[in-house]
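Colleague: Structure in structure tokens, see below.
Number of protein chains: 2
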Amino acid sequence: MFAALADPTRRDLVARLCDGDATLTELAEPYDMSIQAVAKHLAVLEAAGLVSRTRRGQTRPVHLEAQVFDLMGKWVERYRRQAEQRYRRLDTVLAEMPDEPESHDASKEQR
Amino acid sequence: MFAALADPTRRDLVARLCDGDATLTELAEPYDMSIQAVAKHLAVLEAAGLVSRTRRGQTRPVHLEAQVFDLMGKWVERYRRQAEQRYRRLDTVLAEMPDEPESHDASKEQR
DNA sequence: TGGTTGGTCAACCACACGGTTGACATTCGA
DNA sequence: TCGAATGTCAACCGTGTGGTTGACCAACCA
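Quick mapping for you: the protein sequence lines, in order, are chains A and B.
Heads up: take any position in the first sequence, counting from 1, add 1, and you land on this note's numbering.
Heads up: take any position in the second sequence, counting from 1, add 1, and you land on this note's numbering.
Okay, structure coming up:
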């Protein structure tokens, strides 16, 4: 999922798909790049579950799977919370720490 | 930033740094990988601003920059909201749509 | 039926990336 | 001062990835 979003072109595709489904040629039009290259990017996004495609006549509209944003939000939130907790722990440790006579050792303890 | 998190080893490093700062050798220990390889991963994380390093004697503790989680959260939230809005728009469009007489075309419209 | 349009498949190429090894710098401890 | 520990730098290597071109398939339209 992160790997799929690592490429700027792919992020741009995702951003544009937020405005609605689109076909391959529509998506490829603004880029200075072959259709096949864009098709490969879409394949990556599809493999990562960020996007789905349905057959409609001779065209294959690309649809953004919005749930992945919820997943990513969860992921980020988990780490954000964990890091925050650690900061709180550090704060209490620092608050409970007696005033060190020698600042030398104190700098070593603090981690 | 996404590119930095694309690698599973790097995500693992970030996860472990949530528990507190650590030195290069500490971080590299659990992996079946050379120290230098881990150092490269850390360099990538540092270039992406996910991590910072300070000199402390002969060791260089690695510190997780927690703000990036806020940034990522913002990013995800923006897209999540946008996609959601689009769904709402689509819903109103569907709601305002007159009942289709021929179920044949209707099945085509249904996406 | 034959063109045209929208996508796909396959082969290829250049380059970035994850990993290695080896040599070197710096700092602490004895 | 010497040795060991901690990191860094540089060169190299295999593979994956982003891109190209060319041929092809499938569906619509005239």
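Every residue gets a Cβ at the ideal spot worked out from N, C-alpha and C, and that includes glycine.
Source: prediction; values computed, not measured.
For LYS109/A, collect the residues of the same chain with a Cβ closer than 6 Å to its Cβ; drop the 5 residues on either side in sequence, then sort them by chain order.
Modeller: Bear in mind that the predicted position of LYS109/A carries a pLDDT of just 35, short of 50, making it unreliable; the figure below should be weighed with that in mind. Contacts found: none.
Colleague: For chain A, check one thing: does any of its Cβ atoms lie closer than 8 Å to the Cβ of VAL85/B?
Modeller: Here residue 85/B is Glu; the residue named in the question, Val, does not match the sequence. Interface residue, yes.
Colleague: Give every residue of the same chain whose Cβ lies closer than 6 Å to the Cβ of ALA49/A, excluding the five residues on either side of it in the sequence, and list them in chain order.
Modeller: Cβ within range, chain order: MET2, ALA5.
Colleague: For LEU72/B, count the other beta carbons within 10 Å of its own beta carbon; 16 or more makes it buried, fewer makes it exposed. Which is it?
Modeller: Exposed.
Colleague: Does the beta carbon of ASP20/A sit closer than 8 Å to a beta carbon anywhere in chain B?
Modeller: Yes - at least one Cβ of chain B is within 8 Å of the one on ASP20/A.
Colleague: Whole angstroms is fine: what's the gap from LYS41/B's alpha carbon to ALA29/B's?
Modeller: Computed Cα separation, rounded: 11 Å.
Colleague: Could you tell me the boundaries of the beta strand (DSSP E) in which LEU65/A lies?
Modeller: Per DSSP, LEU65/A belongs to the beta strand (DSSP E) from 63-65.
Colleague: Within this structure, are the beta carbons of GLU47/B and ARG54/B separated by less than 8 Å?
Modeller: Their beta carbons are under 8 Å apart, which means GLU47/B touches ARG54/B by this criterion.
Colleague: So, does the CB of VAL63/A fall closer than 8 Å to a CB anywhere in chain B?
Modeller: It does not; no Cβ of chain B falls within 8 Å.
Colleague: Cβ atoms of GLY74/B and ARG87/A: under 8 Å apart, would you say?
Modeller: Contact flag unset, no.
Colleague: Beta-carbon separation of VAL69/B and LEU43/B under 8 Å?
Modeller: Their beta carbons are not under 8 Å apart, which means VAL69/B does not touch LEU43/B by this criterion.
Colleague: Return no unless some Cβ of chain B is closer than 8 Å to the Cβ of LEU28/A.
Modeller: It does not; no Cβ of chain B falls within 8 Å.
Colleague: For a cutoff of 8 Å on Cβ pairs, would you count LEU6/B as touching chain A?
Modeller: At least one chain A Cβ lies under 8 Å of LEU6/B.
Colleague: Can you tell me the Cα-Cα spacing of TRP76/A and THR60/A, whole angstroms?
Modeller: Roughly 35 Å separates the two Cα atoms.
Colleague: Relative to the C-alpha of ARG81/A, which residue among ARG17/B, TYR80/B, GLN37/B is closest?
Modeller: The option with the nearest alpha carbon to ARG81/A is ARG17/B.
Colleague: Please state whether DSSP places ARG12/A in a helix, a strand or coil.
Modeller: It is helical.
Colleague: Just checking my contact of LEU25/A with VAL45/A at CB under 8 Å: how many whole Å lie between their CB atoms?
Modeller: No, LEU25/A and VAL45/A are not in contact; Cβ-Cβ is about 14 Å, not under 8 Å.
Colleague: Show which residues of chain A have a CB atom less than 8 Å away from the CB atom of ASP71/B.
Modeller: Correct list: ARG81.
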